[in-house]
Amino acid sequence: AYHVVDKYTFDNYVVGPSNELVYKVCLEVAQNPGTAFNPLFIYGGVGLGKTHLLHAIGNLAASKGYKVAYTSANDFSDEMVKFLKADNIEAFREKYTNLDILLLDDIQFLAGKERTQVELFRISEKMMAQDKQIVLVSDRHPKDLKDIPDRLISRFESGLVLQVGLDDKTKLSIIRQKLALMGLPIDEKVVNYIFENTGYNVREIEGAIKTLKVVGVEKTLQSAKEKRNVDLDFVVSFVAKSFGLKPSELLKDSREKKIQNARQVSMYLAKKVINCSYVEISRYFGKKDHTTAIYAVKKVEERMRTDRKFNYMVSFLEKSLLEAIR
Ligand code: ADP
Ligand code: MG
75 AYHVVDKYTF
85 DNYVVGPSNE
95 LVYKVCLEVA
105 QNPGTAFNPL
115 FIYGGVGLGK
125 THLLHAIGNL
135 AASKGYKVAY
145 TSANDFSDEM
155 VKFLKADNIE
165 AFREKYTNLD
175 ILLLDDIQFL
185 AGKERTQVEL
195 FRISEKMMAQ
205 DKQIVLVSDR
215 HPKDLKDIPD
225 RLISRFESGL
235 VLQVGLDDKT
245 KLSIIRQKLA
255 LMGLPIDEKV
265 VNYIFENTGY
275 NVREIEGAIK
285 TLKVVGVEKT
295 LQSAKEKRNV
305 DLDFVVSFVA
315 KSFGLKPSEL
325 LKDSREKKIQ
335 NARQVSMYLA
345 KKVINCSYVE
355 ISRYFGKKDH
365 TTAIYAVKKV
375 EERMRTDRKF
385 NYMVSFLEKS
395 LLEAIR
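full-length UniProt numbering puts the sequence shown at residues 75 to 400.
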């Protein structure tokens, strides 16, 4: 029987542009298995919710009375070996062919497991002949799977192949959902902090939010701000040195061209190299209005397009700064 993993459902899966299609297809498969999309092959990077979707299918389909099994390629293989050693491979085949839905996770690990591949091929053949649903998950497209025979690959590809991804909009919604689930404030500052300090990986986002909860929101944001200031100090000293100026001179509002220039280049590099927000940069330079930094960055970009020498100088600074930070 399917072991319900109730923390993974369709209800708590956040949908956005990069996973909407895959979500809808999974929902359809859970409600009407074996009809339209068979086999269904889902692939994508780590922490993008592939396992979550498999269990969401399993939970919903099991609640409707379908016979469902979830397993990973590794577990499937280990199980097969056990049956084989017990001289009972028929029971193994029967167990799987009797299902309505087989959910098979991380099938990239089928690589090189020849006997498992043979058994899976047989099982899938029987299941498909009876319009039983198979859903496969992998970290890569079927074509990129290693050490898996062509006939199995083309079986995987014979239904619908879909990729799951993560875009900015969905990432923001997920951050908001996870903050709410952890009982944390859904404050823009907090959302931005998590957004900027995580990649495109929901597991990483969950980890960052857990850490935020343990360390405390105030403390985390405060130390992030302090770190920003240390980074900004570095950028400003770096630029000041290249212009033959003192860092303190860059922080003053001066009409002197050279100083103005160095100030704007610093703001530009703070944006490009350390990814500071316009608000942070403007504040650092003593301005309440964030348009100060926007204006400076735009100015530098414009001049880089028209003035080759200036372009060369700024590009060189950008490169050296990147190296110095690493
Ligand atoms: P994968 O199998 O692709 O590596 P998982 O399904 O294990 O990723 O997801 C990692 C974590 O992120 C899980 O806790 C899962 O619930 C969560 N997660 C992933 N995508 C979403 C989403 N779209 N909405 C809500 N939670 C998600
Ligand atoms: Mg997974």
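Just so you know, even glycine gets a beta-carbon here, dropped at the ideal spot from N, CA and C.
_Count Cβ pairs between the segment 324 to 331 and the segment 281 to 297 that sit closer than 8 Å; are there 3 or more?_
No contact exists between the segment 324 to 331 and the segment 281 to 297.
*Would you say the segment 114 to 134 touches the segment 228 to 236, given that touching needs at least three Cβ pairs under 8 Å?*
The way I'd put it, the segment 114 to 134 does touch the segment 228 to 236; three or more beta-carbon pairs between them come closer than 8 Å.
*When DSSP builds the beta bridges, which residues end up paired with T145?*
Answer is L178.
*Candidates D381, V155, L219 and D205: closest to F183 by CA position*: Closest option to F183, Cα to Cα, is L219.
_According to DSSP, is I116 part of a helix, a strand, or is it coil?_
Taken through DSSP and simplified to helix, strand or coil, I116 comes out as strand.
*Could you check where the alpha helix (DSSP H) with I399 kicks off and where it finishes?*
Taken as a continuous stretch (DSSP letters only), the alpha helix (DSSP H) holding I399 covers R382 to I399.
*Under 9 Å, do L194 and L226 count as touching if we go by C-beta distance?*
In this structure, L226 lies closer than 9 Å to L194 by Cβ.
*Tell me the start and end of each unbroken alpha helix (DSSP H) in the segment 214 to 277 that is at least 4 residues and wholly inside, in chain order.*
Those alpha helix (DSSP H) runs which fall completely within the segment 214 to 277 and span 4+ residues are 224 to 231, 242 to 255 and 262 to 270.
_Measuring only from the beta carbon, is K81 closer than 8 Å to any heavy atom that is part of the ligand MN?_
Summarising the ligand content, the structure contains the ligand ADP and the ligand MG and does not contain the ligand MN.
*Is any heavy atom in the ligand ADP found nearer than 8 Å to the beta carbon of G273?*
G273: no, Cβ never under 8 Å from the ligand ADP.
_Own chain, CB closer than 6 Å to S151, minus 5 neighbours either side, in chain order_ = The answer, listed in chain order, is K187 and T190.
*Cβ-Cβ distance between I348 and R302 below 9 Å*: Inclusion of I348 and R302 in the CB contact set at 9 Å is warranted, their separation being smaller than that value.
_Tell me whether H215, by its Cβ, gets closer than 8 Å to a heavy atom of the ligand ADP._
No, Cβ of H215 sits at least 8 Å from all heavy atoms of the ligand ADP.
*What do you reckon, are the CB atoms on A344 and E330 nearer than 9 Å?*
Taking the C-beta atoms as reference points, E330 is found no nearer than 9 Å to A344.
*Tell me, which residues are paired with L210 by DSSP?*
Per DSSP, the beta-bridge partners of L210 are F115 and L178.
*Proximity winner among M154, L391, A130 and L101, relative to K346 (alpha-carbon distances)*: Each of M154, L391, A130 and L101 was checked against the Cα of K346, and the nearest Cα belongs to L391.
_Buried or exposed, going by whether 16 or more other CB atoms sit within 10 Å of the CB of N133?_
That one is buried.
*If V291 and L258 are in contact, beta carbons under 8 Å, what's the gap, nearest whole angstrom?*
L258 and V291 do touch by the CB rule: their CB atoms are close to 6 Å apart, below 8 Å.
_Let me check understanding here. Comparing Cα to Cα, which of S228, L176 and R214 lies closest to residue 32?_
In the structure as shown, the chain begins at 75 and stops at 400. Residue 32 is therefore absent and cannot be evaluated.
*Proximity below 9 Å, CB of V211 to CB of L173*: No, these two residues do not count as a Cβ contact at 9 Å.
*asked:* Looking only at its chain, what residues have a beta carbon closer than 6 Å to the beta carbon of A367, apart from the 5 residues adjacent to it on each side?
replied: Cβ neighbours of A367 within its own chain (closer than 6 Å, five residues either side excluded): M341, Y352, I355 and S356.
*Can you list, in chain order, the residues of its chain whose CB lies under 8 Å from that of R379, leaving out five sequence neighbours each side?*
Same-chain partners within the cutoff: N385.
*asked:* Measuring only from the beta carbon, is T125 closer than 8 Å to any heavy atom that is part of the ligand MG?
replied: Within the cutoff, so yes.
*asked:* Using only the alpha-carbon positions, how far apart do S394 and V313 sit?
replied: Roughly 10 Å separates the two Cα atoms.
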